[in-house]
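J.: Before we start, here is the structure in question, set down as structure tokens.
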Ligand code: B12
Ligand code: SF4
Ligand code: SF4
């Protein structure tokens with residue numbers, strides 16, 4: 005449905021495409037990842053294991069998935085935010101909460117869907133649904149998964165967010181116009197990862213990932229992880245910043261205020277309304 009794709013672009017999504025609502029290709033790899041305990045303490049992956057087998061767990065009779073992507077720069081510089089004064093915050097969080105930005109626009113796209121298909125149904129997913137977003141985005145032609153496990157686009161590198169509109173309508177699927185193999189012999193991210201979380205290409209061992217430890221885990225970091233933290237306060241960008249596909253993209257600026265020196269109430273006032281609030 006060309007008109008919906010056109011509307012998605014008009015709403016500000018630089019990337020959009022449509023995948024068939026089929027079981028994800030790498031489900032076996034996901035299962036092995038889980039069995040090996042590489043999800044760390046993210047128990048929702050265990051609880052929602054079945055749900056990830058097919059997107060019908062999110063929307064009965066789903067036939068198509070409209071995937072959208074928007075560059076960090078567009079969302080984060082859309083308005084000023086206090087988090088921009090801090091240092092050591094990963095790039096994707098240096099501004100307003102991307103979930104809100106994407107969801108509000110996908111709601112408008114859902115209105116269009118209702119207009120075009122009065123008897124059809126649709127559902128929005130941004131981040132939190134048990135749904136392998138990167139894989140449907142790759143199927144829809146938004147990019148290719150790299151060795152750092154992120155989705156890479158020839159123009160936007162990996163610095164873009166994903167969102168989805170699931171639909172009960174049989175929308176015509178799209179694919180990448182030209183095949184794009186981002187990694188070939190490169191292994192910069194694997195070598196640069198400070199903790200060895202990318203010991204195996206395409207497989208993230210969350211138990212070693214600084215992003216996991218500083219964003220998801222609550223409480224003290226294990227000493228061997230803390231020793232590798234450096235100036236990273238929340239999240240880690242190393243496997244993105246060394247990627248040649250991100251080299252020419254403008255970086256969203258960061259501030260100079262040291263968050264390690266702030267008490268928790270002051271810190272919260274800086275984070276509130278961001279993706280980390
Ligand atoms: C949980 C989660 C995390 C966890 C785990 C990350 C991970 N790679 O799984 C943590 C907290 C560590 C994390 C970190 C980050 N995240 Co995150 N995260 C998610 C979330 C919510 C779920 C991802 C998921 O399902 N993981 C499960 C694993 C098993 O799946 P997988 O990596 O997709 O692939 C597996 C298989 O499919 C298979 N596979 C895939 N392709 C191939 C190819 C081959 C050849 C082989 C053999 C196997 C294989 O291997 C994997 C292991 O089995 C998604 C949103 C969503 N709902 O999808 C965002 C998401 C992936 N995160 C995102 C971002 C931005 C980040 C960070 C950059 C933030 C930061 N700077 O700190 C880092 C990057 C770290 C990294 N290298 O992945 C973006 C990525 C956008 C993009 N361009 O790809 C997403 C899509 C959020 C969004 N809506 O925009 N994240
Ligand atoms: S986010 Fe950091 S710690 Fe995690 S895989 Fe990437 S480079 Fe390694
Ligand atoms: S740094 Fe190299 S190996 Fe890693 S994702 Fe980018 S292109 Fe692929």
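Residue numbers (the numbering used here): 5 to 281. Cβ coordinates follow ideal geometry from the N, Cα and C atoms, glycine included.
1. Could you tell me if the beta carbon of residue 250 falls within a distance shorter than 7 Å of some heavy atom in ligand 2?
2. If contact is defined by three or more beta carbon pairs under 8 Å, each pair taking one atom from either stretch, is the segment 108-118 in contact with the segment 134-151?
3. Could you check where the alpha helix (DSSP H) with residue 197 kicks off and where it finishes?
4. Let me check one thing: in DSSP terms, what residues is residue 220 bridge-paired to?
5. Which whole-angstrom value is the C-beta distance of residue 170 and residue 63, which I expect to be below 8 Å?
6. Any heavy atom of ligand 3 closer than 7 Å to the Cβ of residue 20?
7. Looking at the secondary structure, which residues open and close the beta strand (DSSP E) in which residue 72 lies?
8. Skipping 5 residues on each side, what residues in its chain have a beta carbon closer than 8 Å to that of residue 41?
9. Between residue 152 and ligand 3, is there a pair consisting of the residue's CB and a ligand heavy atom that are separated by less than 7 Å?
10. What are the uninterrupted segments assigned as alpha helix (DSSP H) that are 4 or more residues long and contained completely in the segment 89-132, given in chain order?
11. What residues are listed by DSSP as bridge partners for residue 204?
12. For residue 270, does the three-state DSSP call read helix, strand or coil?
13. Based on the DSSP output, what are the partners of residue 171 in its beta bridges?
14. Could you tell me which residues DSSP pairs with residue 149 in its beta bridges?
15. Restricting to Cα atoms, I'd like to know which of 168, 45, 245 is closest to residue 255.
16. Using CA atoms only, rank isn't needed, just tell me which of 38, 44, 58 is closest to residue 27.
17. Pairing CB atoms from the segment 234-253 with CB atoms from the segment 84-93, are three or more of them under 8 Å?
18. Just the C-alpha distance for residue 15 and residue 9, rounded to the nearest angstrom, thanks.
19. Measure the alpha-carbon distance for residue 279 versus residue 196 and round it to whole angstroms.
20. Does residue 252 come out as helix, strand or coil in the three-state DSSP assignment?
21. On the premise that residue 275 lies in contact with residue 156, defined as a C-beta separation below 8 Å, what is that separation, rounded to the nearest angstrom?
22. Rounding to the nearest angstrom, what Cα-Cα distance links residue 71 and residue 21 in this structure?
23. Below 7 Å, is the gap between the Cβ of residue 190 and the nearest heavy atom of ligand 3?
24. Can you give me the start and stop residues for the beta strand (DSSP E) that residue 23 sits inside?
25. Using DSSP's beta-bridge definition, name the partner residues of residue 164.
26. Report the rounded CA-to-CA distance for residue 18 versus residue 222, giving the unit in angstroms.
T.: Let me spell this out:
1. Not under cutoff, so the answer is no.
2. These segments do not touch.
3. Premise fails: residue 197 is in no alpha helix (DSSP H) and is neither H nor E.
4. DSSP lists no beta-bridge partner residue for residue 220.
5. Between residue 63 and residue 170 the Cβ distance is about 4 Å, and since that is below 8 Å, they are a contact.
6. Ligand 3 never approaches residue 20 closely enough for any of its heavy atoms to be under 7 Å from the residue's Cβ.
7. Per DSSP, residue 72 belongs to the beta strand (DSSP E) from 68-75.
8. If you ignore the 5 residues before and after residue 41, its C-beta comes within less than 8 Å of the C-beta of 211, all in its own chain and listed in chain order.
9. For ligand 3, at least one heavy atom lies less than 7 Å from the Cβ of residue 152.
10. The segment 89-132 contains these whole alpha helix (DSSP H) runs: 102-120.
11. The secondary-structure analysis by DSSP pairs residue 204 across a beta bridge with 207.
12. The answer is helix: DSSP assigns residue 270 an H, G or I state.
13. Beta-bridge pairing by DSSP links residue 171 to 68, 126.
14. In DSSP, residue 149 forms a bridge with 155.
15. Closest option to residue 255, Cα to Cα, is 245.
16. Answer by Cα proximity: 58.
17. In short, these stretches touch, since the Cβ pair count reaches three.
18. Straight-line Cα distance between these residues: approximately 10 Å.
19. Taking the CA atoms as reference points, residue 279 sits about 26 Å from residue 196.
20. In the structure shown, residue 252 sits in coil (DSSP, three-state: anything other than H, G, I, E or B).
21. Approximately 28 Å separates the beta-carbon atoms of residue 156 and residue 275; this is outside 8 Å, ruling out the contact.
22. About 5 Å.
23. Distances taken from the Cβ of residue 190 to the heavy atoms of ligand 3 include one shorter than 7 Å.
24. Residues 19-24.
25. Residue pairing by DSSP puts residue 164 in a beta bridge opposite 75.
26. Across the structure, residue 18 and residue 222 are spaced so that their CA atoms are roughly 34 Å apart.
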